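Visitor: A single structure is presented below for examination.
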Amino acid sequence: MKFSIYTPSNFNFWSTVYSHGWCALPPFFVDPNNRSLRVVLPDGHNKYTALDLVEGKKKIIVHAEGSAIMSSSKVAGLSSQIRSMMRLDESFDVFYAEAKRHPHHRWVVNRGAGRLLRCPTVFEDVVKMICTTNCSWALTEIMAEALVSKLGTTVSGNIRSFPSPEKIARCSESFLRKEIRCGYRAPYLLELSRRIAEGKLDIEQWRQTKIPTEELFDEVRAIKGVGPYAAGNILKLLGRYDYLGLDSSSRGEFYRAFKKGRRVKDSTIEKHYAQFGEWRGLFLWMDVTKEWYKKKVPF
DNA sequence: GCGTCCAGGTCTACC
DNA sequence: GGTAGACCTGGACGC
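The numbering of the first sequence is our numbering, which starts it at 1 and goes up by one.
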């Protein structure tokens, strides 16, 4: 079975898929032969649906495995999750208007960049973000792969889901350290998962909340293992771009692009991006990833 | 093959 | 409020 999701005129499928590293972390899977992105979406209590997304003309074509007809309510639920992941319901008009004003950023408009792919759940985004801290990207991939292969639910064949908070909450700290290879991050992931599983923390409402960004930043920072870098980037996935979320690679890219490789203080970087107001974090990310669009985005 | 060193963010204790 | 050291892993490097 297949169905379609119509997209805004300034949406670019592959620029969104390759907007950052998430598409390389399971259960996401980019199939270069079929030019598709596989996603695994939660679908009720401990049930999951695997879907292949393909770029269409002004739409995303969604292929579901098998020929069984889905109910309209199920299609609506899956479509809603995909719209959220692809950021289809957020307005980027102001962002693109600002990008047009700066010759250095006109490529952003032409490439349809700016929408950052996110996971079906905030929980998956936060866990993966913690797994990016203080390690190489290769180790992040190892941790994500282990979470899915050892704790995920089998959907079909070798396709597995990202584990639920309840599934991680039932693990021992030593299992997370040794089998998932998340080392000292184990107690952080355990505490987060247990608080959510016990109903003491609801982070899924972060995508809808109207509270000021500073307050939301403090809430995100209150999670153990989430410092300024991780919180700034989690906020970007929540549609708030007021924080830069600097790490070694984004600092390095700034030094290279604007200071001829010379190191400068973070406050200098912050001053540079202050001109972009509430979009500053996204403009920083555009500068960090500009070269990706020439090298990494295949389509 | 083995040992050592380093890079990568965050937390905690201490000043 | 600022700083130092610990946390853990993979990779690079020298032997």
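Cβ atoms here follow ideal geometry from the backbone N, Cα and C, with glycine treated the same way.
Computed from a prediction, not measured in an experiment: that's the story for all the values here.
Considering only DSSP beta bridges, list what alanine 197 is partnered with.
Guide: Taking the first sequence and counting its residues from 1, the one referred to as residue 197 is at position 197. Beta-bridge annotation (DSSP): alanine 197 is not paired with any residue.
Visitor: Could you tell me whether the Cβ atoms of threonine 154 and proline 42 are closer together than 8 Å?
Guide: Taking the first residue of the first sequence as 1, we reach residue 154 at position 154. Taking the first residue of the first sequence as 1, we reach residue 42 at position 42. Going by C-beta atoms, threonine 154 is not nearer than 8 Å to proline 42.
Visitor: Note down, in chain order, each residue of its chain lying with its Cβ closer than 7 Å to the Cβ of methionine 70, except the 5 sequence neighbours on either side.
Guide: By 1-based counting over the first sequence, the position of residue 70 is 70. Answer for methionine 70: Met1, Ala64, listed in chain order.
Visitor: Take glycine 21 and list the residues in its own chain whose beta-carbon comes closer than 7 Å to its own, dropping the five residues that flank it on each side.
Guide: If you number the first sequence from 1, residue 21 lands on position 21. Answer for glycine 21: Trp137, listed in chain order.
Visitor: How is proline 42 classed by DSSP in three states: helix, strand or coil?
Guide: Here residue 42 is taken as the residue at index 42 of the first sequence, counted from 1. Strand, per DSSP.
Visitor: What are the uninterrupted segments assigned as beta strand (DSSP E) that are 3 or more residues long and contained completely in the region 147 to 221, given in chain order?
Guide: If we require 3 residues or more, the beta strand (DSSP E) runs fully inside the region 147 to 221 come out as 154 to 156.
Visitor: Under DSSP, the beta strand (DSSP E) around serine 4 begins and ends at which residues?
Guide: By 1-based counting over the first sequence, the position of residue 4 is 4. Run containing serine 4: 2 to 6, per the beta strand (DSSP E) assignment.
Visitor: With burial defined as no fewer than 16 other Cβ atoms inside 10 Å of the residue's Cβ, what is the status of aspartate 287: buried or exposed?
Guide: Locating residue 287 in the first sequence gives position 287, where the first residue counts as 1. So aspartate 287 counts as buried.
Visitor: On a Cα-Cα basis, can you pick out the residue from Leu147, Pro32, Asn134 that is closest to valine 226?
Guide: As a working note, residue 226 is residue 226 in the first sequence. Of the listed residues, the one whose Cα sits closest to valine 226 is Asn134.
Visitor: For lysine 57, is the classification buried or exposed, using 16 other Cβ atoms within 10 angstroms of its Cβ as the cut-off for buried?
Guide: By 1-based counting over the first sequence, the position of residue 57 is 57. Label assigned to lysine 57: exposed.
Visitor: Who are the Cβ neighbours of threonine 289 in its own chain at under 8 Å, not counting the five residues just before and after it?
Guide: Taking the first residue of the first sequence as position 1, residue 289 is located at position 289. Only Ser19, His20, Ala113 meet the Cβ criterion.
Visitor: Helix, strand or coil for aspartate 287 per DSSP?
Guide: For the purposes of this step, residue 287 is identified with residue 287 of the first sequence, where counting begins at 1. Reduced to three states, the DSSP call for aspartate 287 is helix.
Visitor: For threonine 140, which of Phe13, Ala24, Gln208, Leu53 has the nearest alpha-carbon?
Guide: Against the first sequence, residue 140 aligns to sequence position 140. The closest CA to that of threonine 140, considering only Phe13, Ala24, Gln208, Leu53, is found on Ala24.
Visitor: Given this structure, state the Cα-to-Cα distance separating tyrosine 255 from arginine 263, to the nearest angstrom.
Guide: For this step, residue 255 is matched to residue 255 along the first sequence. For this step, residue 263 is matched to residue 263 along the first sequence. One alpha carbon belongs to tyrosine 255, the other to arginine 263, and they sit about 6 Å apart.
Visitor: Could you give the first and the last residue of the continuous alpha helix (DSSP H) run that contains histidine 272?
Guide: What you label residue 272 is simply residue 272 of the first sequence in a count that begins at 1. 266 to 273 is the extent of the alpha helix (DSSP H) around histidine 272.
Visitor: Just checking my contact of arginine 118 with leucine 237 at CB under 8 Å: how many whole Å lie between their CB atoms?
Guide: On the first sequence, residue 118 is found 118 positions in, with the first residue counted as 1. On the first sequence, residue 237 is found 237 positions in, with the first residue counted as 1. Their Cβ separation, rounded to whole angstroms, is 5 Å, which keeps arginine 118 and leucine 237 in contact under 8 Å.
Visitor: By how many angstroms is the C-alpha of leucine 53 removed from the C-alpha of tryptophan 14?
Guide: Here the question's residue 14 lines up with position 14 in the first sequence. Here the question's residue 53 lines up with position 53 in the first sequence. So the alpha carbons of these two residues sit roughly 11 Å apart.
Visitor: How should lysine 47 be labelled, buried or exposed, when 16 other C-beta atoms within 10 angstroms of its C-beta is the threshold for buried?
Guide: Counting from 1 along the first sequence, the entry for residue 47 is found at position 47. Sixteen is the threshold: since fewer than 16 other Cβ atoms of the shown chains lie within 10 Å of the Cβ of lysine 47, the residue is exposed.
Visitor: Express the C-alpha separation of glutamate 166 and serine 72 in angstroms, rounding to a whole number.
Guide: Translated into the one-based positions of the first sequence, residue 72 becomes position 72. Translated into the one-based positions of the first sequence, residue 166 becomes position 166. About 29 Å.
Visitor: Could you check if proline 32 is buried or exposed, using at least 16 other CB atoms within 10 Å of its CB as the buried criterion?
Guide: Taking the first sequence and counting its residues from 1, the one referred to as residue 32 is at position 32. Under this definition proline 32 is an exposed residue.
Visitor: Identify which residue in Leu246, Ala222, Glu253 has its Cα closest to the Cα of glutamate 270.
Guide: Your numbering for residue 270 matches position 270 in the first sequence. Selected option, being the one with the closest Cα: Leu246.
Visitor: If you check the beta carbons only, do leucine 216 and leucine 244 fall under 8 Å apart?
Guide: For this step, residue 216 is matched to residue 216 along the first sequence. For this step, residue 244 is matched to residue 244 along the first sequence. It is not a contact, given that the beta carbons lie outside the stated cut-off.
Visitor: DSSP beta-bridge partners for aspartate 52?
Guide: Residue mapping note: residue 52 aligns to position 52 of the first sequence, counting from 1. Answer by DSSP bridge pairing, in chain order: Arg38, His63.
Visitor: Going by DSSP, which residues form a beta bridge with tyrosine 31?
Guide: Against the first sequence, residue 31 aligns to sequence position 31. With the sequence shown as reference, residue 31 is identified as aspartate, and tyrosine is not the correct amino acid for it. Aspartate 31 pairs with Ser36.
Visitor: Using the rule of at least 16 other Cβ atoms within 10 Å of the residue's Cβ for burial, across every protein chain shown, is isoleucine 249 buried or exposed?
Guide: Here residue 249 refers to the residue found at position 249 of the first sequence. Correcting the residue type first, residue 249 is serine in the shown sequence and not isoleucine. That one is exposed.
Visitor: For lysine 59, I'd like the list of residues in its chain whose CB is within less than 7 Å of its CB, leaving aside the five on either flank, ordered along the chain.
Guide: The count along the first sequence starts at 1 and reaches residue 59 at position 59. So the qualifying residues of the chain are Ser4, Ile5, Tyr6, Thr7.
Visitor: For alanine 68, is the classification buried or exposed, using 16 other Cβ atoms within 10 angstroms of its Cβ as the cut-off for buried?
Guide: Along the first sequence, read from residue 1 onward, the residue named residue 68 stands at position 68. Alanine 68 should be labelled exposed.
Visitor: Quick check on the DSSP output: the alpha helix (DSSP H) that includes alanine 237 runs from which residue to which?
Guide: Looking up residue 237 in the first sequence gives position 237. According to the sequence shown, residue 237 is leucine rather than alanine. Run containing leucine 237: 228 to 237, per the alpha helix (DSSP H) assignment.
Visitor: Span of the alpha helix (DSSP H) holding tryptophan 22?
Guide: Along the first sequence, read from residue 1 onward, the residue named residue 22 stands at position 22. Unbroken run through tryptophan 22: none, as it is neither H nor E.
Visitor: State the Cα-Cα distance for the pair histidine 105 and alanine 99, rounded to the nearest angstrom.
Guide: Indexing the first sequence from 1 puts residue 105 at position 105. Indexing the first sequence from 1 puts residue 99 at position 99. Counting only the Cα atoms, alanine 99 lies some 5 Å from histidine 105.
Visitor: Considering just the uninterrupted stretch of the alpha helix (DSSP H) at tryptophan 14, what are its terminal residues?
Guide: For the purposes of this step, residue 14 is identified with residue 14 of the first sequence, where counting begins at 1. Per DSSP, tryptophan 14 belongs to the alpha helix (DSSP H) from 13 to 17.
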